[in-house]
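Residue numbers (the working numbering), protein chains in the order written: chain A, 10 to 371; chain B, 10 to 371.
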C-alpha cells in the first residue's frame, strides 16, 4: 500500500529523446545537454549517467555548486557553468569545470586566473543577441571584436548565444538572433559555435551549428507547442487517494470556500499539495485522472492535499482510499498540467517535490 | 564571495512567534505546532528542536514518512499524522506516531490494529465541519454519535476540526464551524478538543479550547491579513547579482520578449529562478531590493535567473556582480512577495528551493 506519491522517471524514454534530438542535426553537430536544476527536477544522479551512456559529452549546469556535484557523478564529461565565473574561486580548476563567460568583467576575472595559473584556460563566450539576460551586450561585443587579443590568454571552446522565442513557430526574432550571432562569430576564425535550445533544433537546420544544447525536450516537454509533442513522456506521477466523501448541493469545499457545488456529488481527497510542487494556481482549474476519468479539482489546492470531484465517475468505479490517482501519465502530460497551472512544463518539472517516492526505469 | 542564494532562518524569531501565540491563549490551553512539509519549507531538523525547547510538545505532520523523520529528531514529542492511518502499517507503533483518524474506515482500520495489539491505541478523531476535505462528514458523525462504543477500543487523545476561512476577519463560517464542532464534542464526556489554526487563535478566545495548532504564524506569515502582521519574520533570502547591463528604449528582455522598455535603463540579472521556488508568476510583477531601492522584475522569470530594472537606482549605487540582492528581508515579507506571485505566504515558504545555502540563527 502506497503511503506517498510515486514519481517514476523513465530513463529509457529520456535516452530515446536524446537520440531523437541528436538525429535531427548533422553528424558533425554535437548534441550537448542541459542538466541544470537537478536535471529539470528529474534527478541528476540518475539522468546524467543515462545521457552520458548514450553519447552526450557536453553537460550544461547553471551554478558552480551544480557543476561540482555533477563532476562527482560524471568524471569524464565536459561540464559548463552557465552562470559565469565567480572571481577568485579555485573550484573551476579543482573540478575541471568550464565557465561560460557572460561579460567583459567575467573575461577579465578569468584571464586573471589564467595568468596566475600560467596556462590557457578553457572557456565559452556567451553573446547576448536579444535576451538581455546574460552574455556580452552590443557594446562589449564591439569592444571584443576590435580587440581579439583580449581572448588570447584563453582557450576558446566555442561561442554561444541563446534564443528568446524559439518555442513560438514563426516568430521572426529567432532568425534575427541567428543572423546577429552569425555576424559575431564569423569575424573569428576556427571558433565553434552553439545556439540551439530544444525548440531551436526544430526550427531550422541552419541554426544547429556545431553544438546544440537541448533541455526541456529531453525531459519530455513539448519543444514545438504549435503541434503534437514529438518527445516521449519521462515523468509519471501517481498519488494516493485518502478519503472519498459525499457532498450536497450548495456546500463548498477547501480553504476560503471558493467552490460551491451545483449538484450533490462525491469528492476524493488526494495526498498531493502545493508543498509537493502541485501549484496552488491549479485551484478550481486543474484535474487528476482515475481509470481514464477526469477528476476536476474543486476549491483551493492545500499544502498537502487536493480535493477532486467524482462527478464523471460511475459510483461502481469510485476509487478507494490508497488507490493511486494519476497526476502525470497517459491522460495528463507535463504540458497540459502546466497549461492549467498558468505556467510551462519546465516549472512543473523543476518543482517536483521532495516527498515523492522516486523510482527510475532503466 | 557568495556563489548561491543565502537563506537565513531566524530560530529566535521563530521561538518568539511560538511564545507569542502561546501567550494569546489561557494557561490551560496547550499550543501545538504544525511542522508538516519540512516545517513549511524552513527545515524540520532545526525548527522542531527549537520549538520543543520552548515548550511545544504536540507536533503535527501530514504524512507517515514525515512522522518517521520527525521521531528521529524529537524522541519525546507527541507526533500526529494528519493524513490518517495507512491500514496494516506497522510504523505507527514502531515510531510511536498518533494517527488523526479522518473517517469511519480510518477508525475501523485502526481499531483492527488495536485488537491485534490487544491494547487501546492513542488517536485523534477529526470531524469535518465545513472544509469537505478530511474528517468525518455529517453522516459519519451521526453514526458515531449514536454508537459511542465504536471508539471504545481506542484511547482518544482529543477531537479536532479545522477552520476553512479563519484568515478572513468577520467571515461568519468561522463561528458556524465552531458551533458545529461544539455540538459534536459536547456529546462526549471528558474528551479534549482542538480547533484553531494560526488565524483562528486571533479570532476569538472561545475557539482556543484545549489545544491550538498554529502553523504559518510560527514561520512569520501574517495570520491576520486585514491588519499589520503581529509575527516576526523568520526567513531572509538574499541572492547574488550576476551581471549589470544597459538596455535601450524599445528593446525587450527575457523569454518571449514580454517586456518592452519605454526608456533607456540598466538591468541586473540575478542568480534566482523558478527552479529555486521563485515563481514564474512573478514575471513582470514581482520585485527585489537593493539598498532599499525597489528593483522591478522585467520579463519572464527564468529557471535560474531573474532580470530586474535599475530604473529607481542612481548610477553611483548600482550593484556590482556578486553583490547580494534582497528577495526576502526588511523590504519584502513573505506575504508581499506572495501577493505579487498571486499566492499566499505558505506556498512561498514550502517552495523555498534546494540550491540556497541555508543557515540558522540561534
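Glycine residues also receive a C-beta, built at the ideal position from the N, C-alpha and C atoms. On a predicted model such as this, the values are computed, not experimentally measured, just so you know.
- Comparing alpha-carbon positions, the option among A:273, A:284, A:85, A:121 lying closest to residue 261 (chain A) turns out to be A:273.
- In this structure, the straight-line span from the alpha carbon of residue 246 (chain B) to that of residue 228 (chain B) is close to 14 Å.
- The C-beta distance from residue 15 (chain A) to residue 366 (chain A) rounds to 5 Å, short enough to fall under 8 Å.
- Spanning the alpha carbons of residue 277 (chain B) and residue 300 (chain B) requires a straight line of approximately 14 Å.
- Residues of the same chain with a CB within less than 6 Å of the CB of residue 302 (chain B), apart from the 5 flanking positions on each side, are 321, 322 in chain order.
- Burial of residue 357 (chain A) is indicated by the presence of at least 16 other C-beta atoms within 10 angstroms of its C-beta.
- Taking a Cβ-Cβ threshold of 8 Å, the residues of chain A close to residue 262 (chain B) are 140, 141, 142, in chain order.
- Distances from the CA of residue 162 (chain A) to each of A:136, A:131, A:25, A:137 were compared; the closest alpha carbon is that of A:131.
- Contact annotation: in the region 242-255 of chain B, residues whose CB is within less than 8 Å of a CB in chain A are 251, 252, 254, 255.
- Chain-ordered, the chain A residues with CB closer than 8 Å to the CB of residue 276 (chain B) read 141.
- For the region 130-194 of chain B, the continuous alpha helix (DSSP H) assignments of 4+ residues that do not extend past its boundaries occur at 147-154, 181-194, in sequence order.
- Check the Cα spacing between residue 50 (chain A) and each of A:230, A:209, A:271: the tightest is with A:230.
- Residue environment for residue 217 (chain B): buried (at least 16 other C-beta atoms within 10 angstroms of its C-beta).
- Inclusion of residue 243 (chain B) and residue 22 (chain B) in the CB contact set at 8 Å is warranted, their separation being smaller than that value.
- The beta carbon of residue 257 (chain B) sits closer than 8 Å to those of 270, 273, all from its chain and outside the five residues before and after it, given in chain order.
- Counting along the chain, residue 369 (chain B) sits inside the beta strand (DSSP E) bounded by residues 366-370.
- If you look at residue 89 (chain A), you'll find it in the beta strand (DSSP E) that goes 87-90.
- Put simply, the backbone Cα of residue 204 (chain A) is about 35 Å away from that of residue 359 (chain B).
- Contact check for residue 94 (chain B) and residue 108 (chain B): beta-carbon distance about 4 Å, within the 8 Å limit, so the pair qualifies.
- Distance between residue 37 (chain A) and residue 221 (chain A), taken at the CA atoms: about 11 Å.
- With fewer than 16 other CB atoms across the displayed protein chains lying within 10 angstroms of its CB, residue 179 (chain B) is exposed.
- Considered as a whole, the region 334-370 of chain B harbours 343-350, 354-359 as its complete alpha helix (DSSP H) runs of no fewer than 4 residues, in chain order.
- Spanning the alpha carbons of residue 71 (chain B) and residue 344 (chain A) requires a straight line of approximately 28 Å.
- Note on residue 81 (chain B): under 16 other CB atoms within 10 angstroms of its CB, so exposed under the neighbour-count rule.
- Against chain A, a Cβ distance below 9 Å from residue 367 (chain B) picks out nothing, because the smallest value is about 13 Å.
- Judged by DSSP secondary structure, residue 21 (chain B) falls within the alpha helix (DSSP H) whose first and last residues are 20-33.
- Residue 116 (chain B) sits in a helix when the DSSP states are folded into three classes.
- Within the region 307-320 of chain A, 308, 311, 312, 313, 314, 316 place their CB atoms closer than 8 Å to a CB of chain B, listed in sequence order.
- In its chain, beyond the 5 residues on either side, 349 have a beta carbon closer than 6 Å to the beta carbon of residue 294 (chain B).
- Taking a beta-carbon distance threshold of 8 Å, residue 42 (chain B) does not count as an interface residue toward chain A.
- Excluding its 5 nearest sequence neighbours in each direction, residue 210 (chain A) has C-beta neighbours in its own chain below 8 Å: 30, 33, 34, 216, 217, 221, 223, 226, 232, listed in chain order.
- Taking the CA atoms as reference points, residue 317 (chain B) sits about 32 Å from residue 104 (chain A).
- In summary, the residues of the region 336-359 of chain B whose CB is separated from some CB of chain A by less than 8 Å are 351, 352, 353, 355, 356, 359, in the order they occur in the chain.
- The C-beta separation of residue 173 (chain A) from residue 139 (chain A) comes to about 5 Å, placing the pair in contact by the 8 Å criterion.
- Membership of residue 58 (chain A) in the alpha helix (DSSP H) is indicated by the continuous run 53-62.
- By the 16-neighbour rule on beta-carbons within 10 angstroms, residue 199 (chain A) is exposed.
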